[in-house]
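Numbered per this note's numbering, the sequence shown spans residues 202 to 384. Have a look at the structure below, then the notes.
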Amino acid sequence: MAELSRGSLSLRRISKNDQRAFIAATRQSRSLHQPWIFPPVSPQRFRAWLDNEERRERYLVWLQDESAPALVGYIGINELTWGVFENGCLGYWVNAPWAGQGHMKQALELLVSHVFKRRERRLHRLEANIQPGNVGSRRLVEHLGFRLEGLSPRFLKLDGVWRDHERWAVTREDWSARPRRTP
């Protein structure tokens with residue numbers, strides 16, 4: 202996929218050329234992101250993070266306004282597994298100026314629809330692992346039709362601390378059968 206778009210919103214694969222915009226956005230958004238996520242905020246960490254491409258797809262969410270594109274956020278599909286599982290784990294964040302405006306909901310709908318419908322390497326299941334206190338993220342996936350499957354104690358080590366996560370998931374069948382909601 203080169204780029205997906207709907208209206209003024211587009212998703213495209215992240216590249217090394219995005220380093221400056223990415224770092225500026227994540228630095229600006231630290232207070233919004235933490236304690237939930239800790240994206241790279243230096244050139245060295247960005248390059249190391251980007252070089253770790255095993256079993257993942259990474260996209261930046263852009264919004265075209267009158268003057269120039271704005272970096273709204275990030276969506277990654279991590280731990281891609283094929284064969285009998287056909288599963289991926291979503292990771293995402295919105296940058297501070299765009300929080301609460303519905304852009305990530307639109308971007309996630311676009312990407313989830315794409316990965317469930319594409320002809321080659323189509324996924325059957327996506328999950329989102331969310332810390333219980335991250336109410337905004339929980340609301341987002343619930344609104345998109347993900348279902349709560351359970352709690353995984355000490356699931357991910359973030360900022361040096363093992364943190365509990367709720368497991369939310371949706372299958373291709375769930376996605377295609379879900380009622381379409383209005384914003």
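Glycine residues also receive a C-beta, built at the ideal position from the N, C-alpha and C atoms. On a predicted model such as this, the values are computed, not experimentally measured, just so you know.
Spatial neighbours of residue i in its chain, beta-carbon cut-off 8 Å, leaving aside the 5 residues before and after
i: Asp360; result: Gln235, Pro236, Phe239
i: Pro354; result: Asp365
i: Asn288; result: Glu280, Leu281, Thr282, Leu324, His325, Arg326, Leu327, Glu328
i: Lys306; result: Leu341, His344, Leu345, Pro384
i: Phe247; result: Gln220, Phe223, Ile224, Pro241
i: Ser377; result: Phe317
Nearest-angstrom Cβ-Cβ length linking residue i and residue j, presumed shorter than 8 Å
i: Phe356; j: Asn330; result: 6 Å
i: Ile215; j: Leu264; result: Not a contact, Cβ separation roughly 16 Å.
i: Ile276; j: Leu233; result: The pair is not a contact, with the Cβ atoms about 16 Å apart (cut-off 8 Å).
i: Ala308; j: Gly337; result: About 15 Å separates the two Cβ atoms, so there is no contact after all.
i: Leu210; j: His304; result: 6 Å
Same chain, Cβ closer than 7 Å to residue i, five either side skipped, listed in chain order
i: Ala226; result: Leu272, Asn296
i: Leu349; result: Glu367, Trp369
i: Pro333; result: Asp365, Glu367
i: Glu321; result: none
i: Phe347; result: Ala329, Trp369, Ala370, Val371
i: Trp250; result: Pro241
i: Glu374; result: none
Secondary structure of residue i, DSSP reduced to three states
i: Asp375; result: helix
i: Ile215; result: coil
i: Gly274; result: strand
i: Arg381; result: coil
i: His366; result: strand
i: Ser243; result: coil
i: Glu343; result: helix
i: Arg228; result: helix
i: Leu389; result: This structure does not reach residue 389, given that the chain is present from 202 up to 384, and the question cannot be answered.
i: Gly361; result: coil
i: Arg207; result: strand
i: Gly351; result: strand
Contacts around residue i, its chain only, beta-carbon distance under 6 Å, and the 5 residues preceding and following it disregarded
i: Gly351; result: Arg368
i: Val316; result: Leu324
i: Arg259; result: Ile215, Gly277
i: Gln229; result: Ala297
i: Trp363; result: Arg355
Residue i CB to nearest heavy atom of the ligand ATP below 7 Å
i: Asn279; result: Absence of the ligand ATP from the depicted structure is noted, as is the absence of any ligand whatsoever, leaving it without description.
Short CB-CB distance (under 8 Å) between residue i and chain C
i: Val362; result: Chain labels in this structure do not include chain C; a single protein chain is all it has.
Checklist entry - Unbroken beta strand (DSSP E) runs of length 3 or more, entirely within the stretch 249-314: which are they? => result Entirely contained in the stretch 249-314, the beta strand (DSSP E) runs reaching 3 residues are, in chain order, 258-265, 270-282, 288-295.
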